[in-house]
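Here the protein sequences come in this chain order: A and B. For the first sequence, numbering that gives the first Met the number 0 gives the first residue as 0, with consecutive numbering after it. For the second sequence, numbering that gives the first Met the number 0 gives the first residue as 0, with consecutive numbering after it. C-beta atoms are modelled at their ideal positions from N, C-alpha and C, and glycine is treated no differently. Fair warning: this is a prediction, and the values are worked out from it, not measured in the lab. The structure appears right after this line, and notes come after that.
Number of protein chains: 2
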Amino acid sequence: MKIIFEQIGTIDTPFKTTENMPIQSKGAKGIKGKIILNKEFTLGLNDLSGFSHIILIYYFHKSKGFELETKPFLDNVKRGVFSTRAPKRPNGIGISVVKLLNIDKNVINIENVDILDGTPLLDIKPYIPDFDIHTIEKRGWTKNKTLNLNTIKSDKRFQ
Amino acid sequence: MKIIFEQIGTIDTPFKTTENMPIQSKGAKGIKGKIILNKEFTLGLNDLSGFSHIILIYYFHKSKGFELETKPFLDNVKRGVFSTRAPKRPNGIGISVVKLLNIDKNVINIENVDILDGTPLLDIKPYIPDFDIHTIEKRGWTKNKTLNLNTIKSDKRFQ
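Laid out in structure tokens, this is it:
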């Protein structure tokens, strides 16, 4: 079954190419961007400014095709794509939790942005610790590999 | 711009109607379900069993239309839809973090399931605390409203 979504806005960021980008919002401290929401959705932003963090769901528009096994940025061996956050996946859906700075009509200023400039936005949800923070037992192949999240950057592998 | 995704599998759960469901996976402790991944994607599950929790991205297939202001299950006043997790939204995209029990070929057994039976799956990502746990300052209108997450259930409002 095909599922059709509509772009509801665009994410403006300093990252003009997929190379040399932070690989997660946790590795993008202080980097600013803005969401330009299509004006017809502005009313849906009511009450959002009360939240300090929001979940963005967006389309990896520059990522074409996919591999079921792929080398993620944090590793040098191939991993099943669903065990990674790599952009080349069967459906190119990305999620980032960013800091909400302020909202001016249909424009949302954000921080900790790890997103490519011009990315089509699909949804915004509030980040709610009671919903979104989970206690885990196992972190799979990422164990001990996330220590350099602040310095590691993307390369050409998913172009 | 329209963005077209493909259903990659189906989520089987005990919830046959949208009424009387847990409203978040945090309120669905012990409730089991399974993901039936389309077989052509099975290779993409390699390495996933090392993770105890996974993020499911799916389509709210029973939710038709949307309202820009809506009464969420946790409140009695209308809120901007992007400040809620309500299913009736411009793009009906849902996310749930569930516990991964085990994987048998293309079938993933899961727990803490707050998802409607038959839901079309769009993506699976590993839940990684270093990526996904954020320290917030403000939780907006949800402050003091998430205390009964274990007992509150959905009603008819989004049918």
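Residue i to residue j span [Cα, whole Å]
| i | j | result |
| --- | --- | --- |
| I94 (chain B) | E136 (chain A) | 20 Å |
| L44 (chain A) | K104 (chain B) | 42 Å |
| R84 (chain B) | K124 (chain A) | 6 Å |
| L102 (chain A) | L42 (chain A) | Before going on, a small fix: residue 102 (chain A) reads as Ile here, not Leu. Approximately 12 Å between the Cα atoms of the pair. |
| T118 (chain A) | L100 (chain B) | 34 Å |
| Q23 (chain B) | P128 (chain A) | 12 Å |
| K38 (chain B) | W140 (chain B) | 42 Å |
| Y57 (chain A) | V96 (chain A) | 11 Å |
| S153 (chain A) | L73 (chain A) | 9 Å |
| K61 (chain A) | T150 (chain B) | 43 Å |
| E110 (chain A) | K25 (chain A) | 11 Å |
| E18 (chain B) | T12 (chain B) | 14 Å |
| K0 (chain B) | I7 (chain A) | As written in the sequence, residue 0 (chain B) is Met, which differs from the Lys given in the question. In a straight line, the C-alpha of M0 (chain B) is about 9 Å away from that of I7 (chain A). |
| I34 (chain B) | K98 (chain B) | 12 Å |
Proximal residues of chain B, C-beta to C-beta of residue i below 9 Å
| i | result |
| --- | --- |
| I139 (chain A) | According to the sequence displayed, residue 139 (chain A) carries Gly and not Ile. Under the 9 Å cutoff, chain B gives D46, L47, S48, G49, F50, S51, P125 and I127. |
| I35 (chain A) | None at all; the shortest Cβ gap to chain B is about 14 Å. |
Interface partners of residue i on chain A, CB under 8 Å
| i | result |
| --- | --- |
| V96 (chain B) | D131 and H133 |
| T145 (chain B) | I127, D129 and F130 |
| L42 (chain B) | L67, E68 and G79 |
Residue i: contacting residues in chain B (beta-carbon distance under 7 Å)
| i | result |
| --- | --- |
| T150 (chain A) | The premise fails here: T150 (chain A) is roughly 14 Å from chain B at the closest Cβ pair, so nothing lies under 7 Å. |
| D122 (chain A) | R88, N90 and I92 |
| E136 (chain A) | S51 |
DSSP bridge partner residues for residue i (one or two, in chain order)
| i | result |
| --- | --- |
| K1 (chain A) | B:E5 |
| Y58 (chain A) | A:I92 |
| I102 (chain B) | B:I107 |
| L36 (chain B) | B:G8 |
Residue i and residue j closer than 8 Å at C-beta
| i | j | result |
| --- | --- | --- |
| V106 (chain A) | G32 (chain A) | no |
| L121 (chain B) | F50 (chain B) | no |
Neighbour list for residue i in chain A, Cβ cutoff strictly below 9 Å
| i | result |
| --- | --- |
| Q158 (chain B) | The contacting residues do not exist; Q158 (chain B) stays about 20 Å from chain A at best. |
Any non-hydrogen atom of the ligand COA closer than 7 Å to residue i Cβ
| i | result |
| --- | --- |
| F4 (chain A) | The ligand COA is absent from the structure shown, which contains no ligands of any kind. |
Contact set between residue i and chain A, taken where Cβ atoms lie within less than 7 Å
| i | result |
| --- | --- |
| T118 (chain B) | Result: empty, since nearest Cβ-Cβ is about 11 Å, beyond 7 Å. |
| E110 (chain B) | Going along chain A, no residue has its Cβ under 7 Å from E110 (chain B), so there is no contact; the nearest lies around 12 Å. |
Partners in chain B for residue i, counting only beta-carbon separations shorter than 8 Å
| i | result |
| --- | --- |
| I114 (chain A) | By Cβ distance, chain B contributes nothing, its closest Cβ being about 14 Å from I114 (chain A), past 8 Å. |
Residues of the segment 81–92 of chain A with Cβ closer than 9 Å to any Cβ of chain B, in chain order: F81, S82, T83, R84, R88, P89, N90, G91 and I92
Contact set between the segment 59–78 of chain B and chain A, restricted to residues whose Cβ is under 7 Å from the partner: L67, E68 and R78
Residues in the segment 8–29 of chain A having any Cβ partner in chain B nearer than 7 Å: Q23 and K25
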